[in-house]
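Peer 1: For reference, the structure I am asking about is given below.
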Amino acid sequence: MAKLEDYAKTERQREVTKIWESCDRNSRKAAQVLGITHATVRNIVTTVKGAAAAAGFSDAWDATAHVPPGEYVTGRSIYTTNSDNEKVWLKTRRKLETAEKEEALKAFVDQLNSQVIQAKKTPKPSSKGKSNDLLPTTIIGDAHIGMKASGDTRGRDFDSKIASAEIIAAIDYLVDAAPAAEHAMLINVGDFTHIDRAIPYPQTANGTPMDTDSRIELIMRKAADTMIHGITRMLEKHSNVSVVMARGNHDSETSIAIAMILAYRYEKEPRVTILEPNGFFTYTTFGRNLIAITHGDKAPGRRLADMLPRLSVWSKTSHRYWILGHFHSKLSEQYDNSVVLERFGTLAPADSWHASKGYCSPSIMNQIVYRRSGGIAIRHEYEIPGTDYEPDHEI
């Protein structure tokens with residue numbers, strides 16, 4: 004007969020669930036045995052219960068059979084007796100409410116955070132030689148960490164490890180190239196991970212099925228580690244770092260989760276600010292610059308340009324910018340109200356479908372250095388090395 008622990012996705016989940024069961028389902032007793040907080044125990048058990056419920060297992064429902072892997076229960080039909088003592092079929096439909104999604108996401112993040120080592124407060128480097136008039140902004144295009152691609156599609160080999168290594172190499176180059184400044188920004192424009200959820204199958208935020216190279220928790224861990232490397236490198240050069248995790252159409256929820264992981268990691272480090280990804284638009288100012296960030300899938304350019312004059316800081320700025328991703332190609336447009344909209348390309352190679360359509364844009368990471376008095380002072384680019392291919396046939 005199936006047990007709750009059978010629906011654990013990791014060995015850690017299985018261990019915690021078994022101890023919890025052996026402690027008469029008392030989270031505090033289990034926490035003492037495991038040496039962790041009772042909140043962590045409760046959150047891990049909640050995650051396992053959610054996976055079990057999706058497979059048809061419930062403590063309150065005497066099920067004798069469960070759906071096979073890859074399927075999930077959308078509802079139940081129960082033959083019972085109503086208040087008039089009549090035999091009836093009671094049919095239910097399982098609906099994941101917003102609150103339930105948020106609770107499941109928080110439980111998942113808390114589980115990941117149980118393995119995260121918090122960064123300690125580090126001494127603020129000397130301001131000598133650091134400019135307060137320049138803002139180096141490193142922009143990570145659609146990274147799609149977790150995507151699997153093969154070089155035989157006229158692209159390049161790609162998986163989570165490769166994606167992380169390429170981004171790290173680009174960040175290292177751009178940090179070295181940046182001018183010494185008091186403050187810097189690290190901006191992810193969205194679709195940092197290739198998928199948003201793994202149940203009932205790997206899929207985007209909109210439910211589109213996706214092929215991946217790993218489990219979602221491993222993808223999220225690799226994504227978080229990549230951002231942590233970038234923040235660490237930037238702290239070596241700059242006094243303060245602000246981080247934006249925009250929500251994409253592939254990772255609307257996982258981007259929130261990664262931001263929560265980063266916020267927990269740097270909770271005791273005042274030199275790092277992790278902006279909460281509430282909604283889909285982020286606005287910041289640097290001197291006379293208004294810098295707005297969004298993934299780019301929610302509104303067309305003209306509408307985005309018309310949004311900025313509504314902000315109270317509009318009259319205090321002279322240069323206004325939108326930073327976007329989503330379209331997997333680089334594009335810059337200027338609108339008649341002075342707003343400049345710039346789209347940044349993807350860092351991932353074309354998968355088989357995109358390769359069949361002829362998409363082959365170079366993978367480039369960008370750094371824009373803004374001037375406090377308004378405008379852009381410097382630009383830097385790092386192109387991820389591609390692959391040269393021999394012809395299929397020579398005569």
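Residues in the sequence shown are numbered consecutively from 4, following our numbering. Idealized CB from N, CA, C, for every residue including glycine.
(1) Between which two residues does the beta strand (DSSP E) carrying E400 extend?
(2) Assuming Y286 is part of the beta strand (DSSP E), what are its boundary residues?
(3) Report yes if the C-beta distance between V192 and H322 is below 8 Å; otherwise report no.
(4) Do you know how far the Cα of L221 is from the Cα of E256?
(5) Can you give the Cα-Cα distance for P399 and E8, rounded to whole angstroms?
(6) Tell me the rounded alpha-carbon separation between K254 and A351.
(7) Considering Cα atoms alone, identify which of A227, A183, D87 is closest to S167.
(8) Quick one: measure Cβ to Cβ for H383 and A180, integer angstroms, because I've assumed they're closer than 8 Å.
(9) For V119, which residues in the same chain have their Cβ closer than 7 Å to its Cβ, ignoring the five residues on either side in sequence?
(10) Based on DSSP bridge pairs, tell me the residues matched to T215.
(11) To which residues of the same chain is I143 closer than 6 Å at the C-beta, ignoring the five residues directly before and after it?
(12) Let me know the secondary structure DSSP gives E3 once reduced to three states.
(13) For P71, collect the residues of the same chain with a Cβ closer than 8 Å to its Cβ; drop the 5 residues on either side in sequence, then sort them by chain order.
(14) So, is T229 buried or exposed, given that buried needs 16 or more other C-beta atoms within 10 angstroms?
(15) For P139, write down the residues that DSSP places opposite it in a beta bridge.
(16) Taking buried to mean at least 16 other C-beta atoms within 10 Å of its own C-beta, is A42 buried or exposed?
(17) In the DSSP output, which residue or residues are listed as bridge partners for F195?
(18) Mind listing, in chain order, the continuous beta strand (DSSP E) runs of no fewer than 3 residues lying wholly within the segment 158-183?
(19) Which residue marks the beginning of the beta strand (DSSP E) containing V247, and which one marks its end?
(20) Using only CA atoms, which one of I171, K6, N243 lies nearest to V51?
(21) In whole angstroms, what is the alpha-carbon distance linking A380 and Y373?
(22) Give me, in chain order, the residues of the same chain whose beta-carbon lies closer than 8 Å to that of S242; leave out the 5 immediate sequence neighbours on both sides.
(23) Does DSSP put T276 in a helix, in a strand, or in coil?
(24) Should L311 go down as buried or exposed, given a rule of 16 or more other Cβ atoms within 10 Å for buried?
(25) Decide if Q370 is buried, meaning its Cβ has at least 16 other Cβ atoms within 10 Å, or exposed.
(26) Once the 5 residues before and after A183 are set aside, which same chain residues still bring their CB inside 8 Å of it?
Peer 2: According to the structure shown:
(1) The structure shown does not extend to residue 400, since the chain is modelled only from 4 through 398, so no value can be given for it.
(2) Residue range 285-289 is occupied by the beta strand (DSSP E) that includes Y286.
(3) No; because the gap between Cβ atoms is not below 8 Å, this pair is not in contact.
(4) 16 Å
(5) In this structure the chain extends from 4 to 398, so residue 399 is not present and cannot be described.
(6) The residue you asked about is not Lys; residue 254 is Asp in the sequence shown. Taking the straight line joining both Cα atoms gives about 15 Å.
(7) A227
(8) 5 Å
(9) I264, Y267, R268
(10) BP columns for T215 point to M150.
(11) Cβ neighbours of I143 beyond the five flanking positions: N191.
(12) The structure shown has nothing for residue 3, since the chain only spans 4 to 398.
(13) Because P71 sits at a pLDDT of 48, beneath the cut-off of 50, its placement in the model cannot be relied upon, and the point is left open.
(14) buried
(15) V372
(16) exposed
(17) Its beta-bridge partners do not exist; DSSP assigns none.
(18) Complete beta strand (DSSP E) runs here, min 3: none at all.
(19) 243-248
(20) If we check each option's Cα against that of V51, K6 comes out closest.
(21) 6 Å
(22) K127, P128, S130, K133, E185, H186, R274
(23) strand
(24) buried
(25) buried
(26) G132, K133, S134, K240, H241
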